[in-house]
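Engineer: So that we are looking at the same thing, I have put the structure below in structure tokens.
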Amino acid sequence: MLRADLLRSEIATTFRRWRTLVLLAVLAGVPVLVGVAVRIQTGRHAGGGGGPAFLAGIAGNGLFLVFTALAVTLPVFLPMAVGVVAGDALAGEAHTGTLRYLLVAPAGRTRLLCAKLVTVVAFCLAGTLVVALSALATGALLFPLGKVTLLSGTSISFGEGLLRALAIAGVVALSLLGVAALGLFVSTLTDSGVAAMATTVGLVLTAQILDGIPQLQAIQPYLFPHYWLSFADLLRDPVYLDGILRNLGLQALYAAVFGSAAWARFTTRDITA
Amino acid sequence: MIETRGLTKTYRGGRPAVDGLDLAVPRGSVFGFLGPNGSGKTTTIRMLMGLIEPTAGTARVLGQPMPGAVRQVLPRVGALIEGPALYGFLSGRDNLRRFDAADPAADPRTRSERVGRALDRVGLAAAAGKKARAYSLGMKQRLGLAAALLQPRELLVLDEPTNGLDPQGMREIRALVRELAADGTTVFLSSHLLDEIEQVCTHAAVMARGRLVTQGPVAGLTAAVLGPGGHGRLAVTTPDPADAVRVLKEHGLTGLRADGDRVTGELPEAPPDGPAPPDPAELNAALVRAGVRVRAFGTQRPSLEDAFVRLTGEGFDVAG
Ligand SMILES: Nc1ncnc2c1ncn2[C@@H]1O[C@H](COP(=O)(O)OP(=O)(O)OP(=O)(O)O)[C@@H](O)[C@H]1O
Ligand SMILES: [Mg+2]
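As structure tokens, this is what we get:
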């Protein structure tokens, strides 16, 4: 039966939780902080320049705050927030015991797992959009908007810039699929929501650290954050797709591997909590 | 309705929590499932509901194998397992809506109506808008019951349903169980409150250390377990206990005890071909003839509690 009741209930329940709203609020706050900081900075020594790729552009064009904010939140804030939601997805319900009542309803184990996965993916999308929209609003408020000068030097109209920002948000959201599947798998392993959240966030940080150690080059292409910042290639003309495709391929691989592992575990485990 | 064959569950690295259980719950019965703490009742219920996989043996619920037929069976079953579990950040009503949404067989068009009726049934209508976090233990228990009653069910599995309820709540639940049973719902009920079981159940089973000790109709159970002497005691309240003991002894009563102004003794068993046992009415007349002043006179049926203690031992410590 293709009834989406459970999914709707799942999404509504997740997005009505205080914790989810706080996470989204924190994500919305990051671009505001960055924007204000840049505004103060440029006020002090006009023209400034020098900072990371997009930072310099913000003062000239508020749209660059969207790119900057996504680049700032993707390495840590976004995956951590996703780790919290994904890690808690099943383990939290096991902890409170509501999992057994969902299963005797009967939600069906595969169906429940799918609803959880879709909800976590929806959260990835929501988190990314919150960052992007908050950055767009802050950027429009604090800085001028206008033609966008790409990293390759060519200029595009503001409208096309906006489209590229949307594409980037999409790629960033998809970049979080690996973490989402990983978190959901961890969530099937334990009956403690806190343990699952901590483990997932720990894994995100570990992967980031390993990705930064030059001696580990051999394994780095297989770490899920490795190609994350390749989304900047969408700001070139012509768009340079190599890194982006590698990133999406890697995320799909993680989603497939950990999604199957989560399914294998969850459909066979004893629910004793 | 429920049938298990050699059902066994061994949790990792322990002795069997449930060991070779052969349970038969007849359709239409109110079945009491008894046993001391840790005797395997909840473990059995979890296996029946497909939450955990048996280590050995089989279970059939509504005629279909579990956990294989979970999707066909569970929409027709309401369950309360090891206490209620709720979303503290949702209201009571939204908790029920969520559990109902999880059931693919539930019609979303009638959801509000069914949720409202379930809330009414457990007396929670007035507190339905309150966050479940702010519910008392008994209110949570009632909400858990309401979740089991969201649909008309063929089978209700209730693990200690009156836990935490006030006396009114307990009476209501007993009345509810009787009402549901009268409508044809089979009720499988675990409880430690033996007089409760005695009051509502038609059948009962007793577990001890993971094994089934006995099962059958409640009426026969006490007699079968307590055997001879299990027919009841005569109790007389009198200001003349010594005389009462003498007279009753002459009429063949055994095990006579005088405790203050209260005298009790076991009615003699009727031998298959001997004289009929004394009629309590005759005994009363004999007492009065002998000048014993009688304040109260009656027979006490042996309680299920007597049978339970006989079956599972007096010891207080939980079996390890
Ligand atoms: N998740 C678990 N892991 C390991 N052992 C368990 C687990 N759950 C229960 N047990 C063991 O299984 C045995 C039976 O427990 P169960 O919960 O079925 O008892 P019960 O009859 O429901 O007791 P109570 O009357 O206290 O509710 C106990 O010895 C218990 O220690
Ligand atoms: Mg129990």
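Chains as they are written, first to last, in this note's numbering: chain Y, 39 to 311; chain V, 351 to 670. Backbone N, C-alpha and C define an ideal beta-carbon position, used for all residues, glycine too.
Check the DSSP bridge columns for glutamate 616 of chain V and list the partner residues they point to.
Structural biologist: V/Arg583 and V/Thr604, per the DSSP bridge assignment.
Engineer: Considering only residues of the same chain and omitting the five flanking positions on each side of methionine 92 of chain Y, which have a CB-CB separation below 7 Å?
Structural biologist: The residue you asked about is not methionine; residue 92 of chain Y is phenylalanine in the sequence shown. Cβ within range, chain order: Phe102, Phe105, Thr106 and Ala109.
Engineer: Hey, could you find the ends of the alpha helix (DSSP H) alanine 178 of chain Y is sitting in?
Structural biologist: Unbroken alpha helix (DSSP H) run through alanine 178 of chain Y: 147–180.
Engineer: Given 8 Å as the limit, is there contact between the segment 131–151 of chain Y and the segment 448–457 of chain V, that is, 3 or more CB pairs closer than that?
Structural biologist: As far as the Cβ criterion goes, the segment 131–151 of chain Y touches the segment 448–457 of chain V, which means the pair count is three or higher.
Engineer: Should glutamate 548 of chain V be labelled buried (16 or more other beta-carbon atoms within 10 Å of its own) or exposed?
Structural biologist: Glutamate 548 of chain V should be labelled buried.
Engineer: Out of V/Asp611, V/Ala419 and V/Ala592, which one is the CA nearest neighbour of arginine 147 of chain Y?
Structural biologist: Of V/Asp611, V/Ala419 and V/Ala592, the residue nearest in Cα terms is V/Ala419.
Engineer: What are the residues of the segment 453–464 of chain V that lie near chain Y, defined by any Cβ-Cβ distance shorter than 7 Å?
Structural biologist: Flagged, chain order: Asp453, Pro454 and Pro458.
Engineer: Output needed for valine 638 of chain V: all residues of its chain with C-beta closer than 8 Å, excluding positions within five of it in sequence on either side, in chain order.
Structural biologist: Same-chain partners within the cutoff: Val644.
Engineer: If you reduce the DSSP assignment to three classes, tell me which class arginine 55 of chain Y lands in.
Structural biologist: Of the three classes helix, strand and coil, the one that applies to arginine 55 of chain Y here is coil, per DSSP.
Engineer: Ligand 1 and glycine 197 of chain Y: does any heavy atom of the ligand fall closer than 7 Å to the residue's C-beta?
Structural biologist: It does not: the Cβ of glycine 197 of chain Y is nowhere closer than 7 Å to a heavy atom of ligand 1.
Engineer: Please confirm whether serine 230 of chain Y has its beta-carbon closer than 8 Å to some beta-carbon of chain V.
Structural biologist: No, no contact with chain V.
Engineer: Looking at glycine 385 of chain V and ligand 1, is the gap between the Cβ and the nearest heavy atom below 7 Å?
Structural biologist: Indeed, a heavy atom of ligand 1 lies less than 7 Å from the Cβ.
Engineer: Taking 7 Å as the limit, tell me which residues put their C-beta closer than that to any heavy atom of ligand 2, in chain order.
Structural biologist: Working through the chain, the matches are V/Lys391, V/Thr392, V/Glu432, V/Asp509, V/Glu510 and V/Ser540.
Engineer: With a threshold of 7 Å, establish whether the CB of threonine 310 of chain Y neighbours any heavy atom of ligand 1.
Structural biologist: Yes, since a heavy atom of ligand 1 falls inside the 7 Å radius drawn around the Cβ of threonine 310 of chain Y.
Engineer: Output yes if chain V places a C-beta closer than 8 Å to the C-beta of leucine 128 of chain Y; else output no.
Structural biologist: Judged by the 8 Å Cβ criterion, leucine 128 of chain Y is not in contact with chain V.
Engineer: Could I get the ranges of all uninterrupted alpha helix (DSSP H) runs contained in the segment 409–485 of chain V, with 4 residues as the minimum, in chain order?
Structural biologist: With a minimum length of 4 residues, the continuous alpha helix (DSSP H) runs that stay inside the segment 409–485 of chain V are 420–423, 442–451 and 461–471.
Engineer: With C-beta atoms as the reference, is alanine 219 of chain Y less than 8 Å away from glycine 297 of chain Y?
Structural biologist: Contact: yes.
Engineer: Give the residues of chain Y in contact with tyrosine 437 of chain V, contact being defined as C-beta atoms less than 8 Å apart.
Structural biologist: What tyrosine 437 of chain V touches in chain Y: Thr51, Thr134 and Thr136.
Engineer: I want to know whether the segment 281–297 of chain Y touches the segment 376–394 of chain V - three or more CB-CB distances under 8 Å.
Structural biologist: No contact exists between the segment 281–297 of chain Y and the segment 376–394 of chain V.
Engineer: For glutamate 529 of chain V, count neighbouring Cβ atoms within 10 angstroms of its own Cβ and tell me buried if that reaches 16, exposed if not.
Structural biologist: Flag for glutamate 529 of chain V reads exposed.
Engineer: Please decide whether valine 142 of chain Y counts as near chain V, where near means a Cβ-Cβ distance under 8 Å.
Structural biologist: It does; some Cβ of chain V falls within 8 Å.
Engineer: Classify histidine 553 of chain V as helix, strand or coil using the three-state DSSP reduction.
Structural biologist: Looking at histidine 553 of chain V - three-state DSSP - the assignment turns out to be strand.
Engineer: Need the endpoints of the alpha helix (DSSP H) that aspartate 369 of chain V sits in, please.
Structural biologist: That residue, aspartate 369 of chain V, is in no alpha helix (DSSP H); its beta strand (DSSP E) goes 368–371.
Engineer: Indicate whether at least one CB of chain V lies closer than 8 Å to the CB of methionine 39 of chain Y.
Structural biologist: In this prediction, methionine 39 of chain Y scores a pLDDT of 47, lower than 50, which makes its location untrustworthy; the coordinate-derived value is nonetheless stated afterwards. Yes, contact with chain V.
Engineer: Taking 8 Å as the CB-CB cut-off, is serine 225 of chain Y touching chain V?
Structural biologist: No - not a single Cβ of chain V is within 8 Å of the one on serine 225 of chain Y.
Engineer: Which residues in the same chain as arginine 461 of chain V place their Cβ atom closer than 7 Å to its Cβ, once the five residues preceding and following it in sequence are excluded?
Structural biologist: Once the five neighbours on either side are set aside, the close Cβ partners of arginine 461 of chain V are Arg447 and Asp450.
Engineer: In chain order, what residues of the same chain have a beta carbon less than 8 Å from the beta carbon of leucine 544 of chain V, not counting five sequence neighbours either side?
Structural biologist: Leu384, Ser653, Leu654, Glu655 and Phe658.
Engineer: Can you find a C-beta in chain V that's less than 8 Å from the C-beta of arginine 77 of chain Y?
Structural biologist: Chain V, which has no Cβ nearer than 8 Å to the Cβ of arginine 77 of chain Y, makes this no.
Engineer: For a contact meaning CB atoms closer than 7 Å, what does arginine 448 of chain V contact in chain Y?
Structural biologist: Ser47 and Thr51, listed in chain order.
Engineer: Using three-state DSSP, classify leucine 499 of chain V as helix, strand or coil.
Structural biologist: Three-state result, leucine 499 of chain V: coil.
Engineer: Reducing DSSP to helix, strand and coil, say where arginine 138 of chain Y ends up.
Structural biologist: Residue state, collapsed to three classes: helix.
Engineer: Return the CA-CA distance between arginine 459 of chain V and proline 425 of chain V, expressed in angstroms with no decimal places.
Structural biologist: Straight-line Cα distance between these residues: approximately 17 Å.
Engineer: Can you tell me which of V/Glu403, V/Gly370 and V/Met399 puts its alpha carbon nearest to the alpha carbon of arginine 307 of chain Y?
Structural biologist: That would be V/Glu403, whose Cα lies nearest to the Cα of arginine 307 of chain Y.
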